[in-house]
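Quick note, the sequences are listed as chains A and B, same order. All letters in the first sequence, in the order written, are residues 1 to 155 by the working numbering. All letters in the second sequence, in the order written, are residues 156 to 310 by the working numbering. Quick notes on the structure that follows.
Number of protein chains: 2
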Amino acid sequence: MDDEQLRLNNQVCFPIYSVSRLLTKAYKPYLDDMGITYPQYLVLMVLWENDGQTVNQISEKLLLNTNTVSPLLKRMEKANILERNRSSTDERIVIVNLTEKGWELKKKALVIPEKLLDILLARNVQLSEVLDLKDMLNEWIQILSDDNLNKSNTK
Amino acid sequence: MDDEQLRLNNQVCFPIYSVSRLLTKAYKPYLDDMGITYPQYLVLMVLWENDGQTVNQISEKLLLNTNTVSPLLKRMEKANILERNRSSTDERIVIVNLTEKGWELKKKALVIPEKLLDILLARNVQLSEVLDLKDMLNEWIQILSDDNLNKSNTK
DNA sequence: TGCGTTTATATCGTGTACGATACAAATATA
DNA sequence: TATATTTGTATCGTACACGATATAAACGCA
Numbered sequence: 001m002d003d004e005q006l007r008l009n010n011q012v013c014f015p016i017y018s019v020s021r022l023l024t025k026a027y028k029p030y031l032d033d034m035g036i037t038y039p040q041y042l043v044l045m046v047l048w049e050n051d052g053q054t055v056n057q058i059s060e061k062l063l064l065n066t067n068t069v070s071p072l073l074k075r076m077e078k079a080n081i082l083e084r085n086r087s088s089t090d091e092r093i094v095i096v097n098l099t100e101k102g103w104e105l106k107k108k109a110l111v112i113p114e115k116l117l118d119i120l121l122a123r124n125v126q127l128s129e130v131l132d133l134k135d136m137l138n139e140w141i142q143i144l145s146d147d148n149l150n151k152s153n154t155k
Numbered sequence: 156m157d158d159e160q161l162r163l164n165n166q167v168c169f170p171i172y173s174v175s176r177l178l179t180k181a182y183k184p185y186l187d188d189m190g191i192t193y194p195q196y197l198v199l200m201v202l203w204e205n206d207g208q209t210v211n212q213i214s215e216k217l218l219l220n221t222n223t224v225s226p227l228l229k230r231m232e233k234a235n236i237l238e239r240n241r242s243s244t245d246e247r248i249v250i251v252n253l254t255e256k257g258w259e260l261k262k263k264a265l266v267i268p269e270k271l272l273d274i275l276l277a278r279n280v281q282l283s284e285v286l287d288l289k290d291m292l293n294e295w296i297q298i299l300s301d302d303n304l305n306k307s308n309t310k
């Protein structure tokens, strides 16, 4: 019976969508302390690893469009977390650099991954399970971003 | 080195967040045909399974706040997909019923889960892997929604 | 060298999400 | 039964996401 497939319980996408939102919510108390949001936290992780990247480089690493990242960076600039400067050699490019405050936040962030993991481990989720999940999802990212690429190519 | 934990590649949450967005994007062509969005598709699945539910019942099943679902339903009412009516016995309650058009959309939706699965299976993802993932995520939903509950209780 | 094309970023419009808050109806209880 | 409390829904403000579009700078090439 095809009908079965349309039940919420039988879909994979709904749990992913829900867990994504619930995880963001679980992060919230820690991020509130830092005065940032979850997407802003992602931007910081990219810059902590490698400061001075362009808007394009940041949006590619986060798999987000530049028209999502642009205003996001502007809000972070307003909050004194980073600076945006046009390249002198290529006026189209905007280079993003962390401020003192942006680097300071890294110290506060160090405990976050640990805390989140603790919640799961405390509820008998195995660490190996978490790692398997990560690998599986990274595989899906490859597939799904390839798939999106194909669509825009054939247009 | 604690630093390692803060790398984008070492986080579980980022892949979940990304896959969630990429899956929604993969759904998009089919949902565009139906004139709805992904969250609206979720509402429809809830109502196809059980028509005539209240705003609260719908938002609980989708794990969304009512202040997210309320405007969502209004947009769907505007698009003639459903009707909202106050209960006569309890004036606070709004009961949501599908229209003819809302039921019609179910026929178009039947192929969607299959198509999505095909993309994954075509790329050598095992069906068992998909089912494992689903179970794992449903477990996480339990944990994370409990955790959120605890926070609001202790406040 | 002039001009069409590409590239990098940003703006606009629409639709979520969600915390905080509002508000009326229903319920509980003194 | 009058009033405090709870319940169900909605409004408001802020921050994403993303498709469509704009725009200026850089590039390619006749």
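The C-beta atom is built at its ideal place from N, Cα and C for all residues, glycine as well. A quick note: this is a predicted structure, and the numbers were derived from the prediction, not measured.
The Cβ atoms of Leu202 of chain B and Leu237 of chain B sit closer than 8 Å to each other. Of all residues in the segment 202-223 of chain B, the ones placed with a Cβ closer than 9 Å to any Cβ belonging to chain A are Trp203, Glu204, Lys216, Leu217, Leu218, Leu219, in chain order.
DSSP lists A:Val96 as the beta-bridge partner residues of Gln53 of chain A. DSSP places Arg84 of chain A in the uninterrupted beta strand (DSSP E) bounded by 82-86. Counting only Cβ-Cβ distances below 7 Å, Ile171 of chain B has contacts in chain A at Ile16, Val19, Ser20, Leu23, Leu137, in chain order.
Among the residues of chain B, those whose CB is under 8 Å from the CB of Glu114 of chain A are Gln160, following chain order. The beta carbons of Ile143 of chain A and Ile171 of chain B sit no closer together than 8 Å. Across the structure, Leu137 of chain A and Val69 of chain A are spaced so that their CA atoms are roughly 23 Å apart. For Trp103 of chain A, no CB of chain B lies under 8 Å from its own CB, so it is not counted at the interface with that chain. Where Val224 of chain B is concerned, the enclosing alpha helix (DSSP H) starts and stops at 221-233. In the DSSP assignment, Thr24 of chain A falls within the alpha helix (DSSP H) that extends over 13-34. Membership of Glu4 of chain A in any alpha helix (DSSP H) is not indicated, and neither H nor E is assigned to it by DSSP. Here Asn124 of chain A carries a coil assignment [DSSP, helix/strand/coil]. Under the three-state reduction of DSSP, Asp287 of chain B is assigned to helix. Using a CB distance cut-off of 8 Å, Ala26 of chain A counts as an interface residue toward chain B.
By the C-beta criterion, the segment 167-187 of chain B is judged to be in contact with the segment 269-277 of chain B, since at least 3 inter-stretch pairs fall below 8 Å.
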